[in-house]
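Trainee: All letters in the sequence shown, in the order written, are residues 1 to 305 by UniProt numbering.
Where is the CB? At the ideal position from N, CA and C, for every residue including glycine.
Shown below is the structure under consideration.
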Amino acid sequence: MDLIHRAVQKSSTARREAPAVEPVWEQAPAAPRLAPLAPPPLPYNEVRIDPDRLRELGLAGANDRRSRLAEEMRLLKRRLIQKMNPLASEAEGRTNLILVTSAVPGEGKSFISLNLALSFVADEHFDVLLIDADAMRPKILTMLGLPPSRGLADLLMHPEMDPSEVLLHDPDLRLTILPPGGEVSSATDLYGGPHMKDLVKRLGRAKPNRIVILDAPPVLATTEPIMLAHIVDEVLMVVEADRTAHSAIRSALDLLEPCDNLSLVLNKAAGSKSTEQFGSYYTPGLRGKTEGSPASLPATPKEKA
């Protein structure tokens, strides 16, 4: 028993005198550093349009609310809004696509297209996209002092391209522009192809408050506006006062006859300054019956689109 007792005591003493064992903690490897996230791409290519240039061209800028031109365009815009349904949902039958053309060149259709876009821009309810669809004589970029760039033709020839790659946007003016793009051998084939309607409709649906204005070629110069007229919801044909021959107007109207929503805008008239004439236009489909006087838009000698 003494032997066993001494063995137990020796074992207890050894346990008390043994140094404590420190636990070893292995440090986990550092997590790899992630590269900083790149900023999301801008939805547009940002441009800056010189307000002084708008004034030099006689354009009604977004902040111009008192000139006769601004008032006329504002009333024309209101009539379009009354006829259309631009802020409705798709299920409610939204209509927001406007085509601007003329019978012959030089009647000021590009001037009207741009001024109408600026008038809609002045209304904060709307997001405005102006498309230069005149492949023969594009004017919009030149009028705004912007260099040529890719645009509509490129999107039609390369359907896989994202529209944001070619859209131009002035954040101060709140105006988005789709340039005509590169030269094409046959704009008629391109505009009449399967992608044109899908593209215009898609651009129109891109934002719930978007208005799309297409500046198209003259009706008697090419067939593109006739094809485009069947894509849009409203067609405005610009006529220059005291210049456009009645025979030309009649021929253009005959070509656009199938269009249900076709209206005429009289440009460069030197009529009364009474606000009763501002923004008025008539529907050719009524054949002689008018909705008031034609629009008396002031002369625009600097622009002959």
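Distance check for residue 177 and residue 158, CA to CA, integer angstroms please.
Mentor: Position 158 of the sequence shown, counting from 1, holds the residue named residue 158. Position 177 of the sequence shown, counting from 1, holds the residue named residue 177. For residue 158 and residue 177, the distance between alpha carbons rounds to 19 Å.
Trainee: Can you give me the C-alpha to C-alpha distance between residue 133 and residue 243, rounded to a whole angstrom?
Mentor: Taking the first residue of the sequence shown as position 1, residue 133 is located at position 133. Taking the first residue of the sequence shown as position 1, residue 243 is located at position 243. Distance between the alpha carbons of residue 133 and residue 243 is about 24 Å.
Trainee: Measure the C-alpha to C-alpha separation of residue 184 and residue 224 and round it to an integer number of angstroms.
Mentor: For this step, residue 184 is matched to residue 184 along the sequence shown. For this step, residue 224 is matched to residue 224 along the sequence shown. The straight-line gap from Cα to Cα measures roughly 13 Å.
Trainee: State the DSSP-derived secondary structure class of residue 115, mapped to helix, strand or coil.
Mentor: Here residue 115 is taken as the residue at index 115 of the sequence shown, counted from 1. It is helical.
Trainee: Pull the bridge partners of residue 234 from the DSSP assignment, please.
Mentor: If you number the sequence shown from 1, residue 234 lands on position 234. Partner(s): 98.
Trainee: What's the C-alpha gap between residue 187 and residue 200?
Mentor: Working through the sequence shown from its first residue, we reach residue 187 at position 187. Working through the sequence shown from its first residue, we reach residue 200 at position 200. Answer to the nearest angstrom: the Cα atoms are 15 Å apart.
Trainee: Can you tell which of 137, 125, 190 has its C-alpha closest to the C-alpha of residue 207?
Mentor: Position 207 of the sequence shown, counted from the start, is the residue given in the question as residue 207. That would be 125, whose Cα lies nearest to the Cα of residue 207.
Trainee: Between the alpha carbons of residue 209 and residue 81, how many angstroms are there, rounded?
Mentor: Translated into the one-based positions of the sequence shown, residue 209 becomes position 209. Translated into the one-based positions of the sequence shown, residue 81 becomes position 81. Computed Cα separation, rounded: 12 Å.
Trainee: With DSSP as the reference, identify every bridge partner of residue 176, one or two as the case may be.
Mentor: Indexing the sequence shown from 1 puts residue 176 at position 176. Answer is 129, 169, bridged to residue 176.
Trainee: Buried or exposed for residue 237, please, with buried defined as at least 16 other CB atoms from any protein chain shown within 10 angstroms of its CB.
Mentor: Position 237 of the sequence shown, counting from 1, holds the residue named residue 237. It counts as buried.
Trainee: If we ignore side chains and look at the alpha-carbon of each, how far apart do residue 204 and residue 268 end up?
Mentor: Taking the first residue of the sequence shown as position 1, residue 204 is located at position 204. Taking the first residue of the sequence shown as position 1, residue 268 is located at position 268. Those two C-alpha atoms are separated by around 30 Å.
Trainee: Kindly indicate the opening and closing residues of the alpha helix (DSSP H) around residue 55.
Mentor: In the sequence shown, the residue the question calls residue 55 occupies position 55. Run containing residue 55: 51-56, per the alpha helix (DSSP H) assignment.
Trainee: Residue 262 lies in the beta strand (DSSP E); which residues open and close that run?
Mentor: By one-based count along the sequence shown, residue 262 stands at place 262. Here the beta strand (DSSP E) through residue 262 covers 262-267.
Trainee: From 166, 219, 229, pick the residue whose C-alpha is nearest to that of residue 239; which is it?
Mentor: Along the sequence shown, one-based indexing puts residue 239 at 239. Of 166, 219, 229, the residue nearest in Cα terms is 219.
Trainee: Which stretch, first to last residue, makes up the alpha helix (DSSP H) that contains residue 200?
Mentor: Against the sequence shown, residue 200 aligns to sequence position 200. Residues 194-205.
Trainee: With DSSP as the reference, please indicate the residues paired to residue 48 in a beta bridge.
Mentor: Within the sequence shown, numbered from 1, the residue matching residue 48 stands at position 48. Note: residue 48 sits in no beta bridge, so no partner.
Trainee: Enumerate in chain order the residues of its own chain whose CB-to-CB distance from residue 144 is below 6 Å, with the five nearest sequence positions on each side excluded.
Mentor: Along the sequence shown, one-based indexing puts residue 144 at 144. Counting only Cβ-Cβ distances below 6 Å, and skipping sequence neighbours, we find 49.
Trainee: Would you mind stating whether residue 97 and residue 232 have Cβ atoms separated by less than 7 Å?
Mentor: Reading the sequence shown from its first residue, position 97 is the one you call residue 97. Reading the sequence shown from its first residue, position 232 is the one you call residue 232. Contact: yes.
Trainee: What are the start and end residues of the alpha helix (DSSP H) that includes residue 69?
Mentor: Stepping through the sequence shown from its first residue, residue 69 is reached at position 69. First-last of the alpha helix (DSSP H) with residue 69: 68-83.
Trainee: For residue 214, list the residues DSSP reports as bridge partners.
Mentor: Sequence index remark: in the sequence shown, residue 214 carries index 214 (1-based). 99, 131.
Trainee: For chain B, check one thing: does any of its Cβ atoms lie closer than 7 Å to the Cβ of residue 206?
Mentor: Structure shown: chain B not included; a single protein chain is present.
Trainee: What are the start and end residues of the alpha helix (DSSP H) that includes residue 87?
Mentor: On the sequence shown, residue 87 is found 87 positions in, with the first residue counted as 1. Taken as a continuous stretch (DSSP letters only), residue 87 belongs to no alpha helix (DSSP H), as it is neither H nor E.
Trainee: For the alpha helix (DSSP H) that contains residue 247, what are its first and last residues?
Mentor: For the purposes of this step, residue 247 is taken as residue 247 along the sequence shown, with counting starting at 1. 246-255 is the extent of the alpha helix (DSSP H) around residue 247.
Trainee: To the nearest angstrom, how far is the alpha carbon of residue 173 from that of residue 165?
Mentor: Taking the first residue of the sequence shown as position 1, residue 173 is located at position 173. Taking the first residue of the sequence shown as position 1, residue 165 is located at position 165. About 20 Å.
Trainee: Are residue 213 and residue 155 close, meaning C-beta to C-beta below 7 Å?
Mentor: Start at 1 with the first residue of the sequence shown, and residue 213 comes out as number 213. Start at 1 with the first residue of the sequence shown, and residue 155 comes out as number 155. Not in contact: residue 213 and residue 155 (Cβ atoms no closer than 7 Å).
Trainee: Starting from the C-beta of residue 190, find all residues in its chain whose C-beta is less than 6 Å away, skip the five residues before and the five after it, and write them out in chain order.
Mentor: Taking the first residue of the sequence shown as position 1, residue 190 is located at position 190. Hits under 6 Å: 156, 184.
Trainee: Check for me: the alpha helix (DSSP H) holding residue 187 runs from which residue to which?
Mentor: Along the sequence shown, one-based indexing puts residue 187 at 187. From DSSP, the alpha helix (DSSP H) with residue 187 extends over 187-191.
Trainee: Is the Cβ-Cβ distance between residue 255 and residue 262 less than 7 Å?
Mentor: To locate residue 255, count along the sequence shown from 1; it is residue 255. To locate residue 262, count along the sequence shown from 1; it is residue 262. No, the pair does not count as a contact, with Cβ atoms beyond the cut-off.
Trainee: Put residue 121 into one of helix, strand or coil per three-state DSSP.
Mentor: Working through the sequence shown from its first residue, we reach residue 121 at position 121. DSSP places residue 121 in helix when its eight states are reduced to three.
Trainee: Under 8 Å by Cβ, that's how I've got residue 100 and residue 175 pegged, so tell me the actual separation to the nearest angstrom.
Mentor: As a working note, residue 100 is residue 100 in the sequence shown. As a working note, residue 175 is residue 175 in the sequence shown. Actually they do not touch by this definition, with Cβ atoms about 15 Å apart.
Trainee: Using three-state DSSP, classify residue 224 as helix, strand or coil.
Mentor: The residue given as residue 224 occupies position 224 in the sequence shown. Note: residue 224 maps to helix in three-state DSSP.
Trainee: Measuring straight from C-alpha to C-alpha, what distance separates residue 115 and residue 194?
Mentor: To locate residue 115, count along the sequence shown from 1; it is residue 115. To locate residue 194, count along the sequence shown from 1; it is residue 194. Answer to the nearest angstrom: the Cα atoms are 30 Å apart.
Trainee: Pop quiz: residue 86 and residue 211 are said to be a contact at Cβ under 8 Å. What is the actual Cβ separation, rounded to whole angstroms?
Mentor: Here residue 86 refers to the residue found at position 86 when the sequence shown is read from its first residue. Here residue 211 refers to the residue found at position 211 when the sequence shown is read from its first residue. Indeed, because the Cβ distance is near 6 Å, the residues count as touching under 8 Å.
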